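Asker: Just add 10 to the spot in the sequence shown (first one is 1) and you have this note's numbering. Virtual Cβ for every residue (Gly too), placed ideally from N, Cα, C. For clarity, every value in this text was computed on a predicted model and none was experimentally measured.
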Amino acid sequence: MSTYVNETDIRYQGFLKFAELVAEKSEGRLTVEIFPSSTLHGWSDGVDAIQGGVADISWISADTRLPCYRVTSLYPAAIDLTDQIGLDSAYAELIAPEAANVGLIPVINSNYSYDQEWWFQGPIDSLSNLDGKLVRSIGPLVSMMIETWGGQPVFIAPGEVFQSAERGVVNGINMGVATYSSWQLWNVMPYMVNANLFYGNIQYMMNLDRFNSLSEADQAALLEAGKESEIWLQPRYEDWIDGQVGNAVMKGGGAAVSISAEKRNTMIADIAEKWTPEVDGACGPEMAGQIRDLFAAHQK
């Protein structure tokens with residue numbers, strides 16, 4: 011199993027729990043070995059790594075071979091995360107047929123929605139007025155947001171963000187609090203804008219042929235372990251994130267500011283209107299409608 015998170019990240023503990031549950035539920039027939047910190051492959055190489063046998067399970071970024079996942083795994087929406095486990099599961103079920111077309115099957119959903127935020131070297135007047143700033147982006151939606159708000163998106167893999175920020179390659183970053191804290195980025199980007207603009211779901215998928223080669227009992231063990239490890243991790247993850255925000259701001263000597271609900275809703279509505287044609291084109295009208303209905307059912 012390949013992951014970009016490092017061993018200080020609370021999500022790594024969730025992967026250890028997953029491995030423990032897989033071994034338990036398969037009665038020792040299956041073993042999950044975890045490779046953290048992108049040691050097996052780069053940020054954008056998840057599909058290639060799984061298809062090529064470098065990894066059996068890996069995170070999947072915004073890959074063009076998964077067009078609907080690419081434009082909906084990060085989506086402009088104010089989400090009520092009360093039932094995040096149910097929301098993530100329903101999203102994975104919707105995207106599973108597209109994954110199967112390229113030889114993949116979803117196994118674990120990342121608790122990604124809770125912590126994707128914005129960080130800068132110093133205070134900014136408004137997130138919607140980036141005034142030419144170079145801002146780290148992780149995918150097409152974030153790039154469109156940055157450009158809409160007058161900034162310039164720059165793609166940088168998680169493990170390279172610290173050096174890029176330190177050297178002035180970027181003036182700001184879009185990144186999850188968990189990854190931000192694990193890489194100690196408060197030293198170079200101490201000012202946080204808490205915006206809550208996204209639903210985010212980085213899925214960990216498995217090679218479908220490898221999965222199908224397993225017995226039904228072991229297939230069930232893997233999928234059940236995935237669900238149970240998500241449930242186990244969620245409260246620990248949220249508590250850890252809440253603590254990390256405070257620690258990051260204090261250690262960096264910065265500040266954390268939140269935008270108002272009114273401002274958030276205006277920004278989301280503007281971006282969602284521009285993003286709708288992208289989603290319709292990539293997913294098809296029927297699937298796009300199902301995904302939008304799912305997000306609408308979990309709106310704040």
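Exposed or buried, G142, counting other C-beta atoms within 10 Å across all chains shown (16 or more means buried)?
Answerer: Exposed, by the Cβ-count rule.
Asker: How should I241 be labelled, buried or exposed, when 16 other C-beta atoms within 10 angstroms of its C-beta is the threshold for buried?
Answerer: Classification for I241: exposed.
Asker: Ordered along the chain, which non-local residues of its own chain (more than five positions away) have a Cβ less than 8 Å from that of D93?
Answerer: Once the five neighbours on either side are set aside, the close Cβ partners of D93 are H308.
Asker: For a test of the three-state rule: what should DSSP assign to P46, helix, strand or coil?
Answerer: DSSP places P46 in coil when its eight states are reduced to three.
Asker: Can you say whether E283 is buried or exposed, counting buried as having 16 or more other CB atoms within 10 angstroms of its CB?
Answerer: The residue in question, E283, is exposed, as its Cβ has fewer than 16 Cβ neighbours within 10 Å.
Asker: If you compare alpha carbons, which of G236, E238 and R220 is closest to A65?
Answerer: Taking only the C-alpha atoms, the option nearest A65 is R220.
Asker: According to DSSP, simplified to helix, strand and coil, what is P144?
Answerer: In the sequence on display, residue 144 carries Leu and not Pro. In the structure shown, L144 sits in a strand (DSSP, three-state: E or B).
Asker: Please identify the residue among S270, G299, A292 and D290 whose C-alpha is closest to the C-alpha of S136.
Answerer: The candidate whose alpha carbon is nearest that of S136 is S270.
Asker: Would you report the Cα separation of I301 and R80, rounded to the nearest angstrom?
Answerer: Their Cα atoms are separated by approximately 13 Å.
Asker: Tell me the rounded alpha-carbon separation between Y14 and W53.
Answerer: If I take the Cα positions, the gap works out to 7 Å.
Asker: Excluding sequence positions up to five away, which residues of its chain have a Cβ less than 8 Å from the Cβ of V164?
Answerer: Hits under 8 Å: L144, V145, R146, S147, S174, V179 and V180.
Asker: In its own chain, which residues sit with a C-beta less than 7 Å from the C-beta of S138, not counting the 5 before and 5 after it?
Answerer: W159 and M277.
Asker: Output needed for L97: all residues of its chain with C-beta closer than 6 Å, excluding positions within five of it in sequence on either side, in chain order.
Answerer: These residues qualify, in order along the chain: H308.
Asker: If you scan the region 78 to 117 from start to end, which runs of the beta strand (DSSP E) of 3 or more residues do you find wholly inside it?
Answerer: The region 78 to 117 contains these whole beta strand (DSSP E) runs: 84 to 86.
Asker: Give the DSSP bridge partners of I183, in chain order.
Answerer: Its beta-bridge partners are W129 and R146.
Asker: For V152, name the three-state secondary structure that DSSP assigns.
Answerer: Correct three-state label for V152: helix.
Asker: Using 10 angstroms around the beta-carbon of D19, count the other beta-carbons present and answer buried if the total reaches 16, otherwise exposed.
Answerer: D19 is buried by the Cβ-count criterion.
Asker: Would you call the CB atoms of Q213 and S120 closer than 8 Å?
Answerer: Cβ atoms of Q213 and S120: closer than 8 Å.
Asker: Would you tell me roughly how many angstroms separate the C-alpha atoms of G24 and A33, rounded to the nearest one?
Answerer: Cα to Cα, the separation comes out at about 14 Å.
Asker: Alpha helix (DSSP H) containing N275: first to last residue?
Answerer: Unbroken alpha helix (DSSP H) run through N275: A271 to C293.
Asker: Apart from the five residues just before and just after Q229, which ones in its own chain have a Cβ nearer than 7 Å to its Cβ?
Answerer: Correct list, in chain order: F221.
Asker: I'd like to check one pair, C78 with M215: are the Cβ atoms closer than 8 Å?
Answerer: No, the Cβ-Cβ distance between M215 and C78 is not below 8 Å.
Asker: Could you check which residue in V198, D249 and G113 has the C-alpha nearest to that of S10?
Answerer: The structure shown does not extend to residue 10, since the chain is modelled only from 11 to 310, so the question has no answer here.
Asker: Thinking just about the alpha-carbon of each residue, which of K27, Y22 and M11 is nearest to the one in E234?
Answerer: Here the closest residue by C-alpha is K27.
Asker: Go through the region 181 to 249 residue by residue and report every complete run of the beta strand (DSSP E) that reaches 3 residues or more, in order.
Answerer: Those beta strand (DSSP E) runs which fall completely within the region 181 to 249 and span 3+ residues are 182 to 186, 201 to 204, 208 to 210 and 213 to 217.
Asker: What residues are listed by DSSP as bridge partners for E15?
Answerer: Checking the displayed sequence, the identity of residue 15 turns out to be Val instead of Glu. Paired residues: none, contrary to the question.
Asker: Hey, would you say E127 sits closer than 8 Å to M202, going by beta carbons?
Answerer: Contact: yes.
Asker: Nearest CA to the CA of E108: which residue from F208, W129 and V57?
Answerer: When only C-alpha atoms are compared, the closest one is V57.
Asker: Grouping DSSP H, G and I as helix and E and B as strand, with all else coil, what is V267?
Answerer: Three-state result, V267: strand.
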